[in-house]
Amino acid sequence: MAFDNFNPPESWKRVTAVMMIRAGCKDMEIMKTACVARNTVKSIRSELEESNYDYEKVVERKRRKDVSDLRTPEFVEKLQKKVQEDPSRSRTKLVEELGVGNTTVRNFTQDQKHNSQKNRCCVRNTPRGAHCRPDQVPAAVMVFGIISSDGDVMPPHFFPKGLRLDSEGYVALMRDVVVPG
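Residue numbers (the working numbering): 72 to 252.
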């Protein structure tokens, strides 16, 4: 087993750092031995001081605040109302007005009816200079055509959707379409 590439979990590093702090080691020693950043060592030291050197409390895994407390139906309704009032309002403005994180707003504002990337247009007669954005994912079509050295052009042959052309299919194409017999 190669120990050169071994990267212990963060919890192990945290325990090691706490034990080294308890043993009186300096920050640089802890950083090198436990493979942790200086800010991590400083935060562990400050947590130890705040907890009155309760080592178990500092070592145990931190519980995250429940993230669903913001995503209440009232919050969603409030956000929807703001977006419907002005769909062109930037996400940054919404974040400032609502006092929440960027990710929280982003998860709720990716509605397709307000996503300009998904807008499509179908224009019969375009005035000069009008611009219609092309579809981002055009339909896949496989076409076969031949132009001879004399300039003769074979009409295009369209393959059915989803067809995989192998060597036998290619020979059949040449026999049936290119040189019908």
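We put the beta carbon where it would ideally sit given N, CA and C, even for glycine.
From a predicted model like this one, the values you see are computed outputs, not experimental measurements.
Going by DSSP, name the residue or residues bridged to residue 214. Locating residue 214 in the sequence shown gives position 143, counting from the first residue. Looking at the DSSP assignment, residue 214 forms a beta bridge with 229.
In whole angstroms, what separates the C-alpha of residue 127 from that of residue 115? For the purposes of this step, residue 127 is identified with residue 56 of the sequence shown, where counting begins at 1. For the purposes of this step, residue 115 is identified with residue 44 of the sequence shown, where counting begins at 1. A direct Cα-Cα distance of roughly 12 Å separates residue 127 from residue 115.
Please report the residue range of the alpha helix (DSSP H) in which residue 104 lies. The count along the sequence shown starts at 1 and reaches residue 104 at position 33. For residue 104, the enclosing alpha helix (DSSP H) starts and ends at 98-105.
Leaving out the 5 sequence neighbours to the left and right, which residues in its chain are closer than 7 Å to residue 98 when beta-carbon positions are compared? Translated into the one-based positions of the sequence shown, residue 98 becomes position 27. Taken in chain order, the residues that qualify are 109, 112.
What did DSSP end up calling residue 147 once you bin it into helix, strand or coil? Numbered from 1 along the sequence shown, position 76 holds the residue referred to as residue 147. Under the three-state reduction of DSSP output, residue 147 falls in the helix class.
Residue 224 in three-state terms, based on DSSP: Within the sequence shown, residue 224 is the residue found at index 153, counting from 1. Residue 224 falls in the strand class under three-state DSSP.
Output needed for residue 107: all residues of its chain with C-beta closer than 6 Å, excluding positions within five of it in sequence on either side, in chain order. Here residue 107 is taken as the residue at index 36 of the sequence shown, counted from 1. A distance below 6 Å between beta-carbons, with the five flanking residues on each side excluded, links residue 107 to the following residues of its chain, in chain order: 84, 88.
If you reduce the DSSP assignment to three classes, tell me which class residue 108 lands in. Within the sequence shown, numbered from 1, the residue matching residue 108 stands at position 37. In the structure shown, residue 108 adopts coil according to DSSP, grouped into three states.
So, are the CB atoms of residue 118 and residue 129 less than 8 Å apart? Indexing the sequence shown from 1 puts residue 118 at position 47. Indexing the sequence shown from 1 puts residue 129 at position 58. Cβ distance < 8 Å, so residue 118 and residue 129 count as in contact.
Mapping DSSP to helix, strand and coil, what is residue 236? Working through the sequence shown from its first residue, we reach residue 236 at position 165. Here residue 236 carries a coil assignment [DSSP, helix/strand/coil].
Below-8 Å beta-carbon distance, residue 158 vs any chain D residue: The displayed structure is made up of one protein chain only, and chain D is not part of it.
Please check the pair residue 215 and residue 226, which I expect to be a contact at CB under 8 Å, by giving their CB distance rounded to whole angstroms. On the sequence shown, residue 215 is found 144 positions in, with the first residue counted as 1. On the sequence shown, residue 226 is found 155 positions in, with the first residue counted as 1. The distance from the Cβ of residue 215 to that of residue 226 is about 10 Å, inconsistent with a contact at the 8 Å cut-off.
Locate the alpha helix (DSSP H) running through residue 245, then write down its first and last residues. Sequence index remark: in the sequence shown, residue 245 carries index 174 (1-based). Segment: none, residue 245 is in no alpha helix (DSSP H) and carries neither H nor E.
Would you mind working out which of 93, 149, 103, 153 sits nearest residue 124, comparing C-alpha positions? As a working mapping, residue 124 is identified with position 53 in the sequence shown. Relative to the Cα of residue 124, the nearest Cα in the group 93, 149, 103, 153 belongs to 93.
Could you tell me if residue 105 is buried or exposed, where buried requires 16 or more neighbouring beta carbons within 10 angstroms of its beta carbon? One-based indexing of the sequence shown puts residue 105 at position 34. Residue 105 is buried by the Cβ-count criterion.
Output needed for residue 244: all residues of its chain with C-beta closer than 8 Å, excluding positions within five of it in sequence on either side, in chain order. Looking up residue 244 in the sequence shown gives position 173. Around residue 244: 215, 228, 236.
Looking at the structure shown, is residue 219 part of a helix, part of a strand, or coil, going by DSSP? Taking the sequence shown and counting its residues from 1, the one referred to as residue 219 is at position 148. In the structure shown, residue 219 sits in coil (DSSP, three-state: anything other than H, G, I, E or B).
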